[in-house]
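*Asks:*
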Amino acid sequence: MSGWDLPASAAGALDADRDLVGDFQKAGFTYVDSSHGLANAVAGHGPGKLLGLFGWGNMNVALDKISARRGVSADVVNAYHAPDQPMLDEMADAAFKVLSKNENGFVLMIEGAHIDKQSHLMDVDRVIGETLEFDRAVGVARKWADKLGDTVVVVLADHECSGFSLMGALANKQSASNPTNLGGIDALKTAAPADLAPAKVVGVYDAAGFPRYDFATYHDGYPATYDVDKKLLVGFGASGDRNETWLTKATPVIDSLLPTAVKTELKAASYVSEPYQRDAGKGWVIGGQATQQDQAVHTATDIPVSTYSSGSDVWKRFVGVQRNTDVFFKLMKAALEGADGRRERD
Ligand SMILES: [Zn+2]
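Reading the sequence shown from the start, the letters are residues 370 to 715 in the working numbering.
#1: Taking only three categories from DSSP, how would you classify Val597?
#2: According to DSSP, is Ala556 part of a helix, a strand, or is it coil?
#3: May I have the straight-line CA-CA distance separating Ala431 from Gly406, to the nearest angstrom?
#4: Is there at least one non-hydrogen atom of ligand 2 closer than 8 Å to the beta-carbon of Asp485?
#5: Would you list the one or two residues that DSSP bridges to Phe465?
#6: Going by CA-CA distance only, name the one from Gly572, Val446, Gly609 and Lys418 that's closest to Asp492.
#7: With respect to the beta strand (DSSP E) encompassing Phe533, which residues constitute its N-terminal and C-terminal limits?
#8: Could you spell out where the alpha helix (DSSP H) holding Gly413 opens and where it closes?
#9: On the criterion of 16 or more Cβ atoms from any shown chain inside 10 Å, does Leu419 qualify as buried, or is it exposed?
#10: Residue range of the beta strand (DSSP E) that Ser488 falls in?
#11: For Val688, does the count of other Cβ atoms within 10 angstroms reach 16, so buried, or fall short, so exposed?
#12: What number of angstroms, rounded off, separates the C-alpha of Ala563 from the C-alpha of Ser534?
#13: Got a sec? Which residues, its chain only, sit under 6 Å from Ala577 by beta carbon, not counting five neighbours each side?
#14: Measuring CB to CB, does Gly508 end up less than 9 Å from Gly604?
#15: Kindly list the residues whose CB is nearer than 6 Å to the CB of Ala385, restricted to its own chain and excluding five residues on each side of it in sequence; keep chain order.
#16: So for Asp715, helix, strand or coil by DSSP?
#17: Taking 8 Å as the cut-off, does the CB of Ser488 come closer than this to any heavy atom belonging to ligand 1?
#18: Where Pro673 and Arg692 are concerned, what is the direct C-alpha to C-alpha distance, given to the nearest angstrom?
#19: By DSSP, does Asn612 sit in helix, in strand, or in coil?
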């Protein structure tokens, strides 16, 4: 609690007989609660066991963490009482460093959980930022697989969320019914809500063009801004009701796992609890979605499975269309029988 600077009223009931962090430490784990603590812990040889807890419930998303790291704005991470959180690729690298010391191998599960959570909230730019962060974690896994020489990396999702699909680009469309071309993205940021109506700014086919995201300004793997000319626009097949201005949302929807005291603080600071409350009165307002939900929902859309293996052909077992439960059995087979499938079971 004190490590995360949470208000005293955020504390739940304490079990005087149980100190979980203390129990981990007694069992030999090094405990860290910040990005800098993590970096210090894994410097050099690093610990044999490591526990990192970096926030209450869900951590902040990449878009807000990166904004703080760049010195652009730390408002959101400060408002969440977690000003110094590591990125997913940094946590992944630390986990590989610690776990790869095990002579008998290891299993590591890395989740970019906010890809789903921000899809529920239909916050497109925060989904894209999370996907970039996850992609960087996959890069870390591949690097370690090459280094270790006998490792399988499986990249997949448990399901799709929101019916997320690229439908076009943000573009002023000049036509007989829309004679005024406002100009590029800077003009759209200050446009009247009526000028952001889908018929006026959703460019499809040849009116879509190509987005020009800027990765050169910061060199940290994330675009300088998500609001660019010809910005990617996303439609939601399993949408909940929402307000939509197309532009980056200044604040995230309040995370449902935060303590009540912090949620109260965020509401007082004009953060909203549901997507439909966001940017109220501005832009495109949808009513009566098919799902009749406040948030977007999971879909049954097929998801891609990508596999990489070093020192074996295990990746080949995951090629093609497969049932989701088969992934588990294929991984168990590789783990129990060995990469070549001939190792004796004991
Ligand atoms: Zn979900």
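Yeah, the Cβ is synthetic: ideal placement off N, Cα and C, and Gly gets one too.
*Replies:* So, to answer that:
#1: coil
#2: helix
#3: 19 Å
#4: In the structure on display, ligand 2 does not appear, and the ligands it does have are ligand 1.
#5: According to DSSP, which records beta bridges pairwise, Phe465 is partnered with nothing at all.
#6: Gly609
#7: Phe533 to Leu539
#8: Run containing Gly413: none; DSSP gives neither H nor E here.
#9: buried
#10: Not the beta strand (DSSP E): Ser488 falls in the alpha helix (DSSP H), residues His483 to His489.
#11: exposed
#12: 24 Å
#13: Gly537 and Ala538
#14: no
#15: none
#16: In this prediction, Asp715 scores a pLDDT of 40, lower than 50, which makes its location untrustworthy; the coordinate-derived value is nonetheless stated afterwards. Correct three-state label for Asp715: coil.
#17: yes
#18: 12 Å
#19: strand
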